[in-house]
Amino acid sequence: MSVPNEPDPSLAMHSWNLTPQQASEVQKQLAAQTVRTGEPEGVQRVAGVDVSFNPRDPKALVHAVVVVLSYPGLEVIDRQAVSAAVDFPYIPGLLSFREAPPILAAIGQLSQKPDLVIVDGHGYAHPRHLGIASHLGLFLDVPTIGCAKSILVGRLAAEVAEAAGSVAELLWRGEVVGRAVRTRSRVQPVYVSPGHRLGLDSAVEWVLRCGRGYRLPEPTRQAHKYSNLVRQARQPTSLNGLSGAK
DNA sequence: GCGACAG
DNA sequence: ATCTTGTCGC
């Protein structure tokens, strides 16, 4: 049973201010708390999250956004953005220590929590089984799906057929960690893996259900568009402000 | 030691 | 991720 005044280990969050080595250890610890079975219930709001930034920005600002769509209508019903300076560098396998904080801040600004979140990145298909989708799922305690545009670890067991809806297993160290999904014919597949609180089959089903004929599922596509809009608005180029305005 | 390597 | 114009194919 839980002891009064003692923090519950299962709910213990952690600091984001860590060294890469410490971050890697935290991932191993959190991976064990991940739930990769089941499926989201009564989904009415599906969110997409994404982050954009300018590599040359001296302030190292990143623009994190969350866009909430209705389901099954897939219409945008809410969106929030947070721009913040980040110190943690991009290191393959440690993406969440750079992007999760601002994303969590943006989601915290929503008036209502989404029932499902599709993340631009991997979930279980990660060297320590804790991609950014899994990490966000644990912190939010909401079902999350990792939907990446390229592979981090593993190889496909077979080629993905050309037809939309075709899939192929993503194997790593003798285990199926995700699935390549052709969301549209003649385009590169996306790589789907469970983040938290749902299984691989369900994750793939939801990615397809949220598709609108484009490579990326609608929540992710809308988040990508919005993050770019925010970046361009809050980070004007050096060659303007003198011509068109006023 | 060498190659791979989400965004 | 971002830098960039036109261009090939459905």
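Using UniProt numbering, read the first sequence as starting at 1 and increasing by one per residue. Heads up, the beta-carbon is just placed ideally off N, CA and C, and yes, glycines get one too.
Query raised in the report: Start and end of the alpha helix (DSSP H) containing H63?
Result: Unbroken run through H63 is the beta strand (DSSP E), L61 to S70; no alpha helix (DSSP H).
Report task. State the DSSP-derived secondary structure class of V142, mapped to helix, strand or coil. Result -> coil
Query raised in the report: So Q112 is in the alpha helix (DSSP H); what residue range does that whole segment cover?
Result: Annotation for Q112: no alpha helix (DSSP H) segment contains it, and DSSP assigns it neither H nor E.
Query - Alpha-carbon spacing of L18 relative to A158, whole angstroms - result: 38 Å
Query raised in the report: Sorted by chain position, which residues of the same chain lie with C-beta nearer than 6 Å to I107's C-beta, five sequence neighbours on each side aside?
Result: V66
Report task. Just tell me which of A125, V119, Q188 and R182 has its CA closest to the CA of V172. Result -> According to the sequence as given, residue 172 is Trp; it is not Val. Selected option, being the one with the closest Cα: A125.
Report task. Pull up the CB-CB distance for I91 and L136, whole angstroms please, since I reckon it's below 8 Å. Result -> Between L136 and I91 the Cβ distance is about 18 Å, and since that is not below 8 Å, they are no contact.
Query - Own chain partners of V26 with C-beta closer than 7 Å, once the 5 adjacent residues on each side are dropped - result: H14 and L18
Query raised in the report: If you pair each beta-carbon of the region 136-150 with each one of the region 75-83, do three or more pairs fall below 8 Å?
Result: no
Query raised in the report: Taking Cβ positions, are L61 and A85 nearer each other than 8 Å?
Result: yes
Query raised in the report: Mind checking D201: buried by the 16 CB within 10 Å criterion, or exposed?
Result: Looking at its Cβ environment, which holds fewer than 16 other Cβ atoms inside 10 Å, D201 is exposed.
Query raised in the report: Start and end of the alpha helix (DSSP H) containing Y191?
Result: No alpha helix (DSSP H) holds Y191; the beta strand (DSSP E) holding it covers V190 to H196.
Query - Same chain, Cβ closer than 6 Å to A203, neighbours up to 5 away in sequence not counted - result: The beta carbon of A203 sits closer than 6 Å to those of I145, V192 and P194, all from its chain and outside the five residues before and after it, given in chain order.
Query raised in the report: Would a C-beta distance cut-off of 8 Å place A47 and H63 closer than the cut-off?
Result: No, they are not a contact pair.
Report task. Starting from the C-beta of Q222, find all residues in its chain whose C-beta is less than 7 Å away, skip the five residues before and the five after it, and write them out in chain order. Result -> Cβ neighbours of Q222 beyond the five flanking positions: G48, V67, L69 and V76.
Requested in this report: For V35, collect the residues of the same chain with a Cβ closer than 7 Å to its Cβ; drop the 5 residues on either side in sequence, then sort them by chain order.
Outcome: H196 and R197
Query - Collapsed DSSP secondary structure at Q44 in the structure displayed - result: coil
Query raised in the report: Does the beta-carbon of I187 have 16 or more other beta-carbons within 10 angstroms, so that it is buried, or is it exposed?
Result: Rather than Ile, the amino acid found at residue 187 in this sequence is Val. Exposed, since its Cβ has fewer than 16 Cβ neighbours within 10 Å.
Query raised in the report: In chain order, what residues of the same chain lie with their CB nearer than 6 Å to the CB of K113, ignoring the 5 residues before and after it?
Result: none
**Report entry** Three-state class that DSSP yields for G174 in the structure shown
**Finding:** coil
**Report entry** Closest residue to R128 among Q109, I118, D141 and S96 (Cα-Cα distance)
**Finding:** The candidate whose alpha carbon is nearest that of R128 is S96.
Query raised in the report: In terms of alpha-carbon separation, which member of K59, D120, S185 and S24 lies closest to S166?
Result: S185
Query raised in the report: Could you give the residue range of the alpha helix (DSSP H) that holds L30?
Result: P20 to A31
Report task. Could you check if Y226 is buried or exposed, using at least 16 other CB atoms within 10 Å of its CB as the buried criterion? Result -> buried
Query raised in the report: Where do the N-terminal and C-terminal ends of the beta strand (DSSP E) with R79 fall, by residue?
Result: R79 -> beta strand (DSSP E) spans V76 to A85.
Requested in this report: Just mark S83 as buried or exposed, buried being the case when its beta carbon has 16 or more other beta carbons within 10 Å.
Outcome: buried
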